[in-house]
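> Quick one: structure below, then a few questions.
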DNA sequence: AGGGGTACTTACCAACAGGTGAGTACCCGA
DNA sequence: TCGGGTACTCACCTGTTGGTAAGTACCCCT
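Protein chains in written order, with our numbering: chain A, 1 to 125; chain B, 126 to 250.
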C-alpha cells in the first residue's frame, strides 16, 4: 500500500514536496480543483482525459491523507462526493506556479506537443 | 531505455517540468551542482549518500540530454569529468525554490525527520 | 604486489506505479 | 426491462524505476 509509507525522512524541502506531488495525475488534480474550487468524482474523471478510476481514487485518497484535499460526502442516493483543496493544497498549487512557468518555457523551447487540458472549452465537444 | 522517450506530449508546464525533474536523485543533483558550481563524478557520488553509480550516471546523462547539465571530459589519466549546470539547469533550480520552501514548511508541519545531505548546509532551508 | 582511486558499463532482479476489466449497490429515464 | 449514471472496490498484469554486484582499463602509492 502506498497509503502508509511516505512522510520522509527527507533530504530537503523539494524532496518533501515531491513526495506529495509525485503521481501521474496529481498536479492535474491540483490544478482542476484550484480552477473549479469544488469538483465531484465524475467531473474530475471527465476533466482528466485518460485517467483510470482506480488511479483517480488512489491519488485523491493520498492527497487527502497528505492534507491537500478535502473530501465531503453527502449521504444521498445516488452518492455524491465533493472534492476541494485545503489551504495547504492551495499553497502547494501556488508554489508550483514557477515550476509550471519553467515547464511552459521548456515546451516552447523544444517544440513539444502540448495536449490541451483546457477545460474552459473542451477540445472534443 | 528511458533515455529516448520523454519530451511530451504534455498536459501543461508542470507536466513538462516534472518530466525533467522526476528521478530519485535529480533534484539533489541539481542542488549540488548549483551549490558547488562544478563537481566531478566521484564528488557527486559522495555528496549524495546512498546513490548508486548506475543511477547517478543515468540521471546525469538524462539531464545532459534535457539540456540541464553540461559535461566536460578531460582526456587524462586517470579520467576526469566535470559536471555543471547550464543556464536552463540554473533557472530550473530557481523555479524549484518556492516548491522547496513549501516542502520545508510541510516537514515542519508533520514533524518528519530530515536527513542531512551532509553538505555545508541543507538545501532550500 | 596489492589496494585504492578515476569514471564508467553491464547483467540481473525486486518493488512499485499504473492500466484493464470486472463487480457492487442503488437510482432514474426511456 | 434495459441502459446509464452515482462512487467506488478488487484482482490481475505489465512496464518502469532503481538497487546490487561485478567487470573494464589505467594509474598512483606503499
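Positions of the beta carbon are idealized from the N, C-alpha and C atoms, including for glycine. Please read these numbers as outputs of a predicted model, since none were measured by experiment.
Do residue 224 of chain B and residue 17 of chain A count as a contact pair if the criterion is CB distance below 8 Å?
In the first chain, residue 17 of chain A corresponds to position 17, counting from 1. In the second chain, residue 224 of chain B corresponds to position 99, counting from 1. Yes.
> Closest by CA to residue 252 of chain B, which one among B:157, B:147, B:163?
Summary: the structure shown does not reach residue 252 of chain B, with chain B confined to residues 126 through 250, and so no result is reported for it.
> I want to verify the contact list: residues of chain A whose CB lies under 7 Å from the CB of residue 139 of chain B, in sequence order.
On the second chain, residue 139 of chain B is found 14 positions in, with the first residue counted as 1. Under the 7 Å cutoff, chain A gives 27, 96, 99, 100, 103.
> Counting pairs of Cβ atoms below 8 Å between the segment 86 to 93 of chain A and the segment 61 to 76 of chain A, do you hit three or more?
Enough Cβ pairs lie closer than 8 Å, so yes.
> How close, in whole Å, do the beta carbons of residue 27 of chain A and residue 139 of chain B come, if the pair is a contact with beta carbons under 8 Å?
Here residue 27 of chain A refers to the residue found at position 27 when the first chain is read from its first residue. Here residue 139 of chain B refers to the residue found at position 14 when the second chain is read from its first residue. The pair is a contact, with the Cβ atoms about 5 Å apart (cut-off 8 Å).
> Would the beta-carbon of residue 180 of chain B fall within 8 Å of that of residue 149 of chain B?
For the purposes of this step, residue 180 of chain B is taken as residue 55 along the second chain, with counting starting at 1. For the purposes of this step, residue 149 of chain B is taken as residue 24 along the second chain, with counting starting at 1. Yes, the Cβ-Cβ distance between residue 180 of chain B and residue 149 of chain B is below 8 Å.
> May I have the straight-line CA-CA distance separating residue 228 of chain B from residue 32 of chain A, to the nearest angstrom?
Reading the second chain from its first residue, position 103 is the one you call residue 228 of chain B. Reading the first chain from its first residue, position 32 is the one you call residue 32 of chain A. Their Cα atoms are separated by approximately 21 Å.
> Let me know if residue 110 of chain A comes out buried or exposed under the rule of 16 or more other beta-carbons within 10 Å of its beta-carbon.
If you number the first chain from 1, residue 110 of chain A lands on position 110. By the neighbour-count rule (16 or more Cβ atoms within 10 Å), residue 110 of chain A is not buried but exposed.
> Using the three-state DSSP reduction, which class does residue 20 of chain A fall into: helix, strand or coil?
Here residue 20 of chain A corresponds to residue number 20 of the first chain, with the count starting at 1. Three-state DSSP puts residue 20 of chain A in a helix.
> Within 10 angstroms of the Cβ of residue 199 of chain B, are there 16 or more other Cβ atoms? Answer buried if so, exposed if not.
To locate residue 199 of chain B, count along the second chain from 1; it is residue 74. So residue 199 of chain B ends up on the exposed side.
> Starting from residue 209 of chain B, trace the beta strand (DSSP E) in both directions and tell me its first and last residue.
As a working mapping, residue 209 of chain B is identified with position 84 in the second chain. Run containing residue 209 of chain B: 205 to 210, per the beta strand (DSSP E) assignment.
> Starting from residue 39 of chain A, follow the beta strand (DSSP E) in both directions and report where the run begins and ends.
Locating residue 39 of chain A in the first chain gives position 39, counting from the first residue. Where residue 39 of chain A is concerned, the enclosing beta strand (DSSP E) stretches over 38 to 40.
> Does residue 3 of chain A pass the burial test, meaning 16 or more other C-beta atoms within 10 Å, or should it be called exposed?
In the first chain, residue 3 of chain A corresponds to position 3, counting from 1. Annotation note: pLDDT 37 at residue 3 of chain A (below 50); position unreliable, no value reported.
> Thinking C-alpha only, which one of A:10, A:20, A:9 is nearest residue 59 of chain A?
For the purposes of this step, residue 59 of chain A is taken as residue 59 along the first chain, with counting starting at 1. The shortest C-alpha separation from residue 59 of chain A is found at A:20.
> Taking all protein chains shown into account, do 16 or more other C-beta atoms lie within 10 angstroms of the C-beta of residue 231 of chain B, making it buried, or fewer, making it exposed?
As a working mapping, residue 231 of chain B is identified with position 106 in the second chain. It counts as buried.
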